[in-house]
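Enquirer: Respectively, the protein sequence lines represent chains A and B.
Using the working numbering, the letters of the first sequence map in sequence onto residues 6 to 251.
Using the working numbering, the letters of the second sequence map in sequence onto residues 7 to 449.
Below are the structure tokens for one structure; questions will follow.
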Amino acid sequence: MTSRKTVLVLGGSSDIGRAAARAFARRGYDVALAGRDVAALEPDAADLRARYSVDVGVHRFDVLDTASFEGFVGSLPALPDVVISIVGLLGMQESAQSDLAHATTIMRSNYEGPSLILGLFAEKFLGRGSGTIVGVSSVAGDRGRASNYVYGSAKAGFSAFLSGLRARASRGGVHVVTVKPGFVRTKMTEGMKLIGPLTVEAPVVGDAILAAVENKTDVVYVSGKWRLVMLIIKTLPEAVFKKLKF
Amino acid sequence: MTLVSGWGRFPVVDTDLLRPRSFEAVGDAVADVTGSVARGNGRAYGDAAIGAARTVAMTGFDRVRSFDPATGRIRLEAGVLLADLIDTFGSRGFLPFVVPGTRFVSVGGAIASDVHGKNHHCEGGFGRYVDSIQLATGEGQTIKVSREQNSDAFFATVGGMGLTGVILEATMRLRRVETGWIRERVIAASDLDAAMRALDAGDTATYSVAWIDCAARGRDLGRSLIYLGEHAGKDELADGADAFPVGKNPGLSVPIDLPSMTLNRYSIRAFNELYYRMGARRAGGSHVVSLYPYFFPLDSIADWNRIYGKRGFLQHQCVIPEDGARAALGEILDRVARRGDASFLAVLKKLGQGDGLLSFPLPGYTLALDFPVKGDILNFLEEIDRLVVAAGGRLYLAKDARQSRATFEAGYPALRRFNAIRKSLDPKGNIRSKLSQRLFDEV
């Protein structure tokens with residue numbers, strides 16, 4: 006009966022996921038929140054209903070359980086208009102250097118799972134002839150750095166996947182957005198030394214995602230400063246770059 | 007450890023700053039150490055929201071639990087900011103009953119300070135519209151306090167500066183409004199007597215407040231601009247105006263600490279002269295303004311606290327009972343004007359009775375003044391405090407960073423009762439802030 010649009014947020018209990026859900030609900034979207042722990046999503050669902058009087062559903066989704074993806078998509082009450090993947094795992098670079106299981110989890114959480122689930126939605130969206138796919142990747146994927154290349158390489162793969170998907174899907178009426186937030190003050194980055202002027206709060210990222218969907222932006226650096234920073238980092242000659250410790 | 011300060015940036019204190027992610031974790035954080043207090047958005051000016059040992063940051067708890075548009079009743083987590091409430095529910099026709107001079111305060115902080123707004127003289131403080139509170143006590147237990155249940159703890163928590171426990175959640179009422187606009191009337195008062203008369207005449211207005219020129223001396227002493235306000239109806243708006251204006255994020259900001267000499271007696275006097283004349287020109291008629299500039303004039307400048315330089319500033323906010331207020335305010339203003347370094351941010355306003363045991367308001371006049379931290383300011387404010395105490399007045403704990411125990415104890419006769427309730431809730435004394443160490447705790 007409702008003609009409202011629906012947004013599906015994968016990783017709905019993350020700080021950026023909550024912020025994105027609020028931004029879309031404020032705009033009048035109904036919301037589907039998905040995450041590993043359904044009970045943890047309920048307070049956020051109640052928050053969205055109380056604030057914006059929109060319909061909100063919660064769904065179980067585990068990014069490592071790729072075998073469940075087809076069933077997950079089929080179990081949704083309706084195919085959403087927008088799907089946003091905020092799923093990811095920073096992990097611990099030092100452990101990942103020798104602990105193959107940990108490295109695998111980082112790679113699967115940031116590349117394999119998000120790419121496969123968004124690819125699946127892309128097929129459904131192309132079949133329908135409409136829809137928007139948003140992948141939250143990272144500036145860490147722009148160039149592998151000594152301090153976080155396991156995470157960064159997975160994000161690089163995810164960014165490349167989104168780039169190719171965008172080129173293909175754009176011909177079928179489906180838009181793909183790549184978001185590179187830079188430093189965001191969240192649970193994931195708690196305790197990290199973040200550089201103040203390059204750091205934003207989660208709601209800024211949520212608003213940027215909504216704006217990118219509405220304006221059909223392709224690649225979003227949430228803070229414009231990051232575009233410049235990463236341009237410099239990307240153009241440093243390898244001989245210089247390998248001497249840097251960051 | 008993390009360096010933390012209040013909005014006045016004085017004092018700066020090293021504290022164990024925790025950011026719990028669940029209410030259980032909040033309980034654990036306060037129960038397993040002596041000396042914690044909750045912190046909302048850090049807008050208390052002094053040392054109220056800094057733990058003696060540990061500071062528990064609450065802004066992550068920003069969910070609305072439920073809202074009933076039929077009654078305006080809302081249940082929410084303590085870290086929700088009033089700015090968020092106004093932005094989210096304003097357009098649905100609901101606003102908080104009470105807003106202080108900044109919207110960037112949390113609900114928990116607003117309860118703990120029992121903040122007042124420009125309507126305190128007729129509608130009371132923030133706590134009056136709070137029905138119940140979920141509190142994590144110093145023992146780590148969660149209890150519900152309301153006027154009916156644990157009412158002693160309720161009235162100790164409203165205005166209790168976070169010392170009865172951590173406010174986790176609250177249920178409160180929002181005001182139904184037709185628009186987000188205020189019909190404002192400006193009155194120019196040429197001296198203190200005229201200003202106090204204008205505020206008395208404004209008792210029937212829902213909102214009233216005076217900006218007072220604390221650089222003016224002699225026969226201009228106490229000259230003011232009085233701003234009266236009423237919620238505007240839809241029929242009062244200009245054609246095509248949105249019923250609810252959009253609150254912009256601060257457009258201006260103070261990006262660096264200004265040299266502390268930026269504000270001196272000459273620049274302040276020149277500014278005030280200009281401000282008074284421009285305001286006086288607008289006086290008389292009434293016009294409709296957005297709620298944002300009416301209630302939160304300083305929110306449009308981000309980080310305005312940096313204007314006072316790196317050493318920070320002190321806000322001195324006192325309330326003087328009506329009898330004898332004229333004489334005491336005259337004496338205070340005269341001393342301040344002679345000194346010459348109080349800022350242009352001086353506010354005079356009438357207050358009514360406070361609700362909490364330690365709520366700041368009492369029927370009388372409140373005067374708020376900002377001073378940069380330098381020179382002999384601490385001694386000067388001690389002298390002002392003596393005038394306040396002699397007149398039966400007291401200082402606002404949410405603004406305070408320096409008053410003495412003697413000043414505090416003289417001003418808050420319910421302190422003994424408050425301490426007894428605090429002790430029963432927290433026998434081990436786990437909840438302690440820098441402010442409580444300075445003014446409350448046994449040494």
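Backbone N, C-alpha and C define an ideal beta-carbon position, used for all residues, glycine too.
None of the values given here were measured: they were computed from a predicted structure.
Quick one: Cα of TYR418(B) to Cα of LEU364(B), how far?
Expert: Looking at the two C-alpha atoms, the distance is approximately 7 angstroms.
Enquirer: Quick one: is ARG9(A) near chain B, going by C-beta distance under 8 angstroms?
Expert: It does not: the Cβ of ARG9(A) has no partner Cβ on chain B nearer than 8 angstroms.
Enquirer: Hey, does MET6(A) have any beta-carbon neighbour from chain B nearer than 8 angstroms?
Expert: Its pLDDT being 44, under 50, MET6(A) is placed unreliably by the model, and the measurement read from it follows with that caveat. Output row for MET6(A): interface = no.
Enquirer: Could you round the C-beta distance between ILE274(B) and SER349(B) to whole angstroms and report it? I think they count as a contact, below 8 angstroms.
Expert: Between SER349(B) and ILE274(B) the Cβ distance is about 6 angstroms, and since that is below 8 angstroms, they are a contact.
Enquirer: Run through DSSP, which three-state label would THR21(B) get?
Expert: Of the three classes helix, strand and coil, the one that applies to THR21(B) here is strand, per DSSP.
Enquirer: Per DSSP, ARG60(B) is paired with what?
Expert: Paired residue(s): ASP22(B), SER42(B).
Enquirer: Looking only at its own chain, which residues have a Cβ that is under 7 angstroms from the Cβ of ARG189(B), when we skip the five neighbours before and after it?
Expert: Contacts found: GLY235, GLU236, ALA238, GLU242, SER292, VAL294.
Enquirer: Should CYS220(B) be listed as close to the ligand SAM, given that the test is whether its C-beta is under 7 angstroms from any heavy atom?
Expert: For the ligand SAM, the structure offers nothing, since it holds no ligand at all.
Enquirer: Taking THR137(A) as part of the beta strand (DSSP E), name the residues at either end of that continuous run.
Expert: Start and end: 136-141.
Enquirer: Taking beta-carbon pairs under 9 angstroms, can you tell me which members of the region 91-110 of chain A lie near chain B?
Expert: From the region 91-110 of chain A, no residue has a Cβ closer than 9 angstroms to chain B.
Enquirer: Considering Cα atoms alone, identify which of ALA244(B), ARG444(B), PRO433(B), TYR233(B) is closest to PRO303(B).
Expert: It is TYR233(B).
Enquirer: Can you grab the Cα-Cα spacing for the pair LYS440(B) / ARG49(B), in whole Å?
Expert: Rounded to whole angstroms, LYS440(B) to ARG49(B) spans 15 angstroms at the Cα level.
Enquirer: Rank GLY131(B), VAL342(B), TYR298(B) by C-alpha distance to the C-alpha of GLN321(B) and give the top, closest one.
Expert: Selected option, being the one with the closest Cα: VAL342(B).
Enquirer: Using DSSP's beta-bridge definition, name the partner residues of ARG400(B).
Expert: Paired residues: VAL325(B).
Enquirer: Quick one: what's MET178(B) bridged to in DSSP?
Expert: Answer is ILE80(B), VAL136(B).
Enquirer: Going by beta carbon distance, what residues of the same chain come within less than 7 angstroms of ARG444(B), once the five residues before and after it are set aside?
Expert: Within the same chain, ARG444(B) has close Cβ partners ASP53.
Enquirer: Which residues of chain B have a Cβ atom closer than 7 angstroms to the Cβ of ASP52(A), listed in chain order?
Expert: Ordered by position in chain B, the residues that pass the 7 angstroms Cβ test against ASP52(A) are ARG69, VAL70.
Enquirer: Shortest alpha-carbon distance to TRP13(B) belongs to which of TYR371(B), ALA407(B), LYS434(B), ASP447(B)?
Expert: Looking at the Cα atoms, ALA407(B) is the closest of the given residues.
Enquirer: Of all the CB atoms in chain B, is at least one closer than 8 angstroms to the CB of ALA55(A)?
Expert: Closer than 8 angstroms: yes.
Enquirer: Considering THR110(A), what are the terminal residues of the alpha helix (DSSP H) in which it resides?
Expert: Unbroken alpha helix (DSSP H) run through THR110(A): 105-112.
Enquirer: Would you report the Cα separation of ALA200(B) and LEU91(B), rounded to the nearest angstrom?
Expert: Rounded to whole angstroms, ALA200(B) to LEU91(B) spans 37 angstroms at the Cα level.
Enquirer: Name the residues in the region 179-205 of chain A whose C-beta lies less than 9 angstroms from a C-beta of chain B; which are they?
Expert: The residues in question are LYS192, GLU195.
Enquirer: Name the chain A residues that come within less than 7 angstroms of ARG25(B), Cβ to Cβ?
Expert: Per Cβ cutoff of 7 angstroms: GLU195.
Enquirer: Ends of the alpha helix (DSSP H) at TRP187(B)?
Expert: Unbroken run through TRP187(B) is the beta strand (DSSP E), 187-195; no alpha helix (DSSP H).
Enquirer: Can you find a CB in chain B that lies within less than 8 angstroms of the CB of ASP49(A)?
Expert: At least one chain B Cβ lies under 8 angstroms of ASP49(A).
Enquirer: Taking 8 angstroms as the cut-off, does the region 209-222 of chain B touch the region 114-132 of chain B (at least 3 CB pairs, one atom from each stretch)?
Expert: Touching, yes.
Enquirer: For SER196(B) and GLU279(B), what's the separation of their Cα atoms in angstroms?
Expert: Rounded to whole angstroms, SER196(B) to GLU279(B) spans 12 angstroms at the Cα level.
Enquirer: Is the beta carbon of LEU15(A) less than 8 angstroms from the beta carbon of ILE91(A)?
Expert: Cβ atoms of LEU15(A) and ILE91(A): closer than 8 angstroms.
Enquirer: Cα separation between LEU6(B) and VAL227(A)?
Expert: With chain B running from 7 to 449 in the structure shown, residue 6(B) is simply not present.
Enquirer: In the region 298-360 of chain B, which residue ranges form an unbroken alpha helix (DSSP H) of at least 4 residues, counting only runs that do not cross its ends?
Expert: 331-345, all fully within the region 298-360 of chain B.
Enquirer: From the beta carbon of PHE73(B), is the nearest beta carbon of chain A less than 8 angstroms away?
Expert: Yes, PHE73(B) lies at the interface with chain A (some Cβ there is under 8 angstroms from its Cβ).
Enquirer: By the DSSP assignment, the alpha helix (DSSP H) with PHE160(B) in it spans what residues?
Expert: Taken as a continuous stretch (DSSP letters only), the alpha helix (DSSP H) holding PHE160(B) covers 157-163.
Enquirer: Does the beta-carbon of MET197(A) have 16 or more other beta-carbons within 10 angstroms, so that it is buried, or is it exposed?
Expert: So MET197(A) ends up on the exposed side.
Enquirer: Mind pulling the beta strand (DSSP E) runs of 3 or more residues that sit fully within the region 220-245 of chain A?
Expert: Qualifying beta strand (DSSP E) stretches, in chain order: 224-226.
Enquirer: Mind reading off the beta-carbon distance from ARG54(A) to GLY33(A)? Whole number of angstroms is fine, and I expect it under 8 angstroms.
Expert: Contact flag wrong, Cβ pair sits at about 13 angstroms.
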